[in-house]
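Trainee:
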Amino acid sequence: MSSTEGKVIKCKAAVAWAKDQPLSIEEIEVDPPKSREVRVKIRATGVCHTDVSGKRAILPFVRFPAVLGHEAAGVVESVGSAVTSFHVGDHVLTIFLPHCQQCPACKSPDQNLCEKFMVPSESVGLLFDGTTRMRCNGKTLYHFLGTSTYSEYTVVDESQVVKVNKAAPLDKISILSCGVATGYGSPIKICKVKPGSTCAVFGLGTVGLGAVMGCRVQGAKRIFGIDINKDKEEIARTFGVTDFLNPNDHQKPIHEVLIEATGGGCDFTFECIGIPEVLQSAINACKTGGQSAIVGVPAEGKTVTFDPYKLLYGRVWTGGFYGGFKPKNDVPGLVDDYMQKKIMLDEFISTTMPIDDVNKSFDLLLQGKIVKAVLYFNSGDFK
Ligand code: CXF
Ligand code: ZN
Numbered sequence: 261m262s263s264t265e266g267k268v269i270k271c272k273a274a275v276a277w278a279k280d281q282p283l284s285i286e287e288i289e290v291d292p293p294k295s296r297e298v299r300v301k302i303r304a305t306g307v308c309h310t311d312v313s314g315k316r317a318i319l320p321f322v323r324f325p326a327v328l329g330h331e332a333a334g335v336v337e338s339v340g341s342a343v344t345s346f347h348v349g350d351h352v353l354t355i356f357l358p359h360c361q362q363c364p365a366c367k368s369p370d371q372n373l374c375e376k377f378m379v380p381s382e383s384v385g386l387l388f389d390g391t392t393r394m395r396c397n398g399k400t401l402y403h404f405l406g407t408s409t410y411s412e413y414t415v416v417d418e419s420q421v422v423k424v425n426k427a428a429p430l431d432k433i434s435i436l437s438c439g440v441a442t443g444y445g446s447p448i449k450i451c452k453v454k455p456g457s458t459c460a461v462f463g464l465g466t467v468g469l470g471a472v473m474g475c476r477v478q479g480a481k482r483i484f485g486i487d488i489n490k491d492k493e494e495i496a497r498t499f500g501v502t503d504f505l506n507p508n509d510h511q512k513p514i515h516e517v518l519i520e521a522t523g524g525g526c527d528f529t530f531e532c533i534g535i536p537e538v539l540q541s542a543i544n545a546c547k548t549g550g551q552s553a554i555v556g557v558p559a560e561g562k563t564v565t566f567d568p569y570k571l572l573y574g575r576v577w578t579g580g581f582y583g584g585f586k587p588k589n590d591v592p593g594l595v596d597d598y599m600q601k602k603i604m605l606d607e608f609i610s611t612t613m614p615i616d617d618v619n620k621s622f623d624l625l626l627q628g629k630i631v632k633a634v635l636y637f638n639s640g641d642f643k
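Quick note: the sequence shown uses the numbering used here, first residue 261, plus one each step.
#1: In angstroms, rounded to a whole number, what distance separates the CA positions of phenylalanine 496 and lysine 267?
#2: Which of the three DSSP states is assigned to arginine 299 in this structure?
#3: From alanine 332 to alanine 441, what does the alpha carbon distance come to, in whole angstroms?
#4: List the DSSP bridge partners of aspartate 606.
#5: Can you tell me the Cα-Cα spacing of threonine 578 and aspartate 567, whole angstroms?
#6: Which whole runs of the beta strand (DSSP E) in the stretch 507 to 540 are 3 residues long or more, in chain order?
#7: Using the rule of at least 16 other Cβ atoms within 10 Å of the residue's Cβ for burial, across every protein chain shown, is asparagine 372 buried or exposed?
#8: Between the stretch 342 to 350 and the stretch 444 to 456, are three or more C-beta pairs nearer than 8 Å?
#9: Quick check for students: name the residue ranges of the beta strand (DSSP E) that lie wholly in the stretch 448 to 472, counting only runs of 3 or more.
#10: Do the stretch 469 to 481 and the stretch 514 to 523 make contact, defined as three or more Cβ pairs closer than 8 Å?
#11: For serine 381, which residues in the same chain have their Cβ closer than 8 Å to its Cβ, ignoring the five residues on either side in sequence?
#12: Going by beta-carbon coordinates alone, are leucine 357 and tyrosine 582 separated by less than 8 Å?
#13: Which residues mark the beginning and the end of the beta strand (DSSP E) in which isoleucine 495 is found?
#14: Does the stretch 418 to 425 come close enough to the stretch 320 to 329 that 3 or more CB-CB pairs lie under 8 Å?
#15: Sorry if obvious, but does the Cβ on leucine 405 come closer than 7 Å to a heavy atom of the ligand CXF?
#16: Tell me, please, which residues DSSP counts as bridged to aspartate 503.
#17: What do you get for tyrosine 598, buried or exposed, if any count of 16 or more other CB atoms within 10 angstroms of its CB means buried?
#18: Select from Lys490, Gly465, Val343 the residue whose C-alpha is nearest the C-alpha of glycine 534.
#19: Between serine 295 and valine 421, what straight-line distance do the alpha-carbon atoms span, to the nearest angstrom?
#20: Leaving out five residues before and five after threonine 498 in sequence, what residues of the same chain have Cβ atoms less than 7 Å from its Cβ?
#21: In this structure, does DSSP put proline 592 in helix, strand or coil?
#22: Give a yes or no on contact between the stretch 611 to 619 and the stretch 627 to 638, applying the rule of three or more CB pairs nearer than 8 Å.
#23: Have a look at Asp509, Lys279, Pro292 and flag the residue whose alpha-carbon is nearest the alpha-carbon of serine 263.
#24: For the alpha helix (DSSP H) containing serine 313, name the first residue and the last one.
#25: Can you tell me where the alpha helix (DSSP H) with lysine 620 in it begins and where it stops?
#26: Is it the case that the CB of valine 557 approaches a heavy atom of the ligand CXF more closely than 7 Å?
#27: Where does the unbroken alpha helix (DSSP H) through glycine 439 begin, and where does it stop?
#28: Sorted by chain position, which residues of the same chain lie with C-beta nearer than 7 Å to arginine 393's C-beta, five sequence neighbours on each side aside?
#29: The beta strand (DSSP E) with leucine 353 in it runs from where to where?
#30: Using only the heavy atoms of the ligand CXF, determine whether one of them is closer than 7 Å to the beta carbon of threonine 310.
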């Protein structure tokens, strides 16, 4: 039993008071977990584009004032009365995609879209019982994606935490909580890339580099990496890109360049940004019978137009959240793969900084200067 169990905890958090405002470092109050919840001490939390999009309110999943952050690793501080599968001191990742293990999707081996993920708009920012666990100066703070990891302590439903190997470094494995797994799983679980394939990955941020890593693990022969930031070439090659293309260096649309370079199109393409024109380009770059996966998340309300003949000629347009992984089944194995050096994680992390620098990390990400920033609350943890 921890000394804080059952009590309200006062701790540091980055609060997004309103759309487009810089986050503000505050002392907040965090309630104890209710019966099927877990209170986690966050040790490391990654900065994902979805957090930046949350701040800008271009996704439908945010209600202000909010505690953003969803990609994190931490230690269980206390558990609710009905929680049996977590104990104080367990090392966990928080995951935006619930895994209730009871709904039809969770029971199916081929689907990961837990029905708890389908939050009606009136429930945005609330935990599953329709209430919140955080306040600042008497004001209610809303949760983000059920996780809110830009707080030193957070309360999460038991379906949104996964127990992992205690020997694994929390700062490194925190990034398996969203971006890396989202990219890495897409060639493995969503498209099931075949050995010898030709693949193209559009957008070489964390998700795109994760997808490159997945293509390589599946035995792809040729992996095109596409990004308008020329500085991405070097890191992309370390992850397995064989051919780097910068659309700004070409007169023709990039899908035509790909069709020419491959003699007819790619077997698999992955759009890892969420821009409608790029989504079109990715389906256009597939050969007949090829597959294109939507992995990046477009802003709310964006639509794509496409030529139906692309699909009549046997192309498959697919997509999915969290790389098709089922969190409780797959995440412990991903952590173990990292420990056994079967997957890279360190190479994604460009900078590790205190939570106080959260706004700086958002700016660096938007400017394309970093791949992944990991934030921490206690300087002693990773020094
Ligand atoms: C997002 C995808 C859209 C729903 C919220 C989470 N994934 C990762 O950032
Ligand atoms: Zn994310």
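Ideal Cβ positions, reconstructed from N, Cα and C, are used throughout, including at glycine.
Mentor: The structure says:
#1: Looking at the sequence provided, one finds alanine at residue 496 rather than phenylalanine. Distance between the alpha carbons of alanine 496 and lysine 267 is about 47 Å.
#2: The answer is strand: DSSP assigns arginine 299 an E or B state.
#3: Each residue's Cα considered, the two are about 13 Å apart.
#4: Looking at the DSSP assignment, aspartate 606 forms no beta bridge with any residue, so it has no partner.
#5: Cα to Cα, the separation comes out at about 15 Å.
#6: Taking only runs of at least 3 residues, the beta strand (DSSP E) segments lying wholly in the stretch 507 to 540 are 526 to 531.
#7: Asparagine 372 is buried by the Cβ-count criterion.
#8: With a cut-off of 8 Å, the stretch 444 to 456 and the stretch 342 to 350 do not count as touching, because too few Cβ pairs lie within range.
#9: Taking only runs of at least 3 residues, the beta strand (DSSP E) segments lying wholly in the stretch 448 to 472 are 458 to 462.
#10: Because the criterion of three Cβ pairs below 8 Å is not met, the stretch 469 to 481 and the stretch 514 to 523 do not touch.
#11: Cβ neighbours of serine 381 beyond the five flanking positions: Pro320.
#12: With a cutoff of 8 Å on beta-carbon distance, leucine 357 and tyrosine 582 are scored as near each other.
#13: Unbroken run through isoleucine 495 is the alpha helix (DSSP H), 492 to 499; no beta strand (DSSP E).
#14: The stretch 320 to 329 is not in contact with the stretch 418 to 425.
#15: Because some heavy atom of the ligand CXF lies under 7 Å away, the Cβ of leucine 405 counts as near it: yes.
#16: Listed as beta-bridge partners of aspartate 503 by DSSP are Phe484.
#17: Buried, since its Cβ has 16 or more Cβ neighbours within 10 Å.
#18: When the alpha-carbon of glycine 534 is set against those of Lys490, Gly465, Val343, the nearest one is in Gly465.
#19: For serine 295 and valine 421, the distance between alpha carbons rounds to 15 Å.
#20: Within the same chain, and ignoring the five residues on either side of threonine 498 in sequence, the residues whose Cβ sits closer than 7 Å to its Cβ are Glu607.
#21: Here proline 592 sits in helix by DSSP.
#22: By the Cβ criterion, the stretch 611 to 619 is in contact with the stretch 627 to 638, since at least three pairs of Cβ atoms, one from each stretch, lie closer than 8 Å.
#23: Checked all of Asp509, Lys279, Pro292; the closest Cα to serine 263 is Pro292.
#24: Run containing serine 313: 309 to 316, per the alpha helix (DSSP H) assignment.
#25: Counting along the chain, the alpha helix (DSSP H) containing lysine 620 begins and ends at 618 to 626.
#26: With a cutoff of 7 Å, valine 557 counts as near the ligand CXF, since its C-beta is closer than that to a heavy atom of the ligand.
#27: Per DSSP, glycine 439 belongs to the alpha helix (DSSP H) from 439 to 445.
#28: Annotation for arginine 393: Val290, Asp291, Leu387, Val415 place their beta carbon closer than 7 Å to its own, counting only its chain and skipping 5 residues before and after.
#29: It spans 351 to 354 - the beta strand (DSSP E) in which leucine 353 sits, taken as one unbroken run.
#30: Look at threonine 310: its beta carbon is less than 7 Å from one of the heavy atoms in the ligand CXF.
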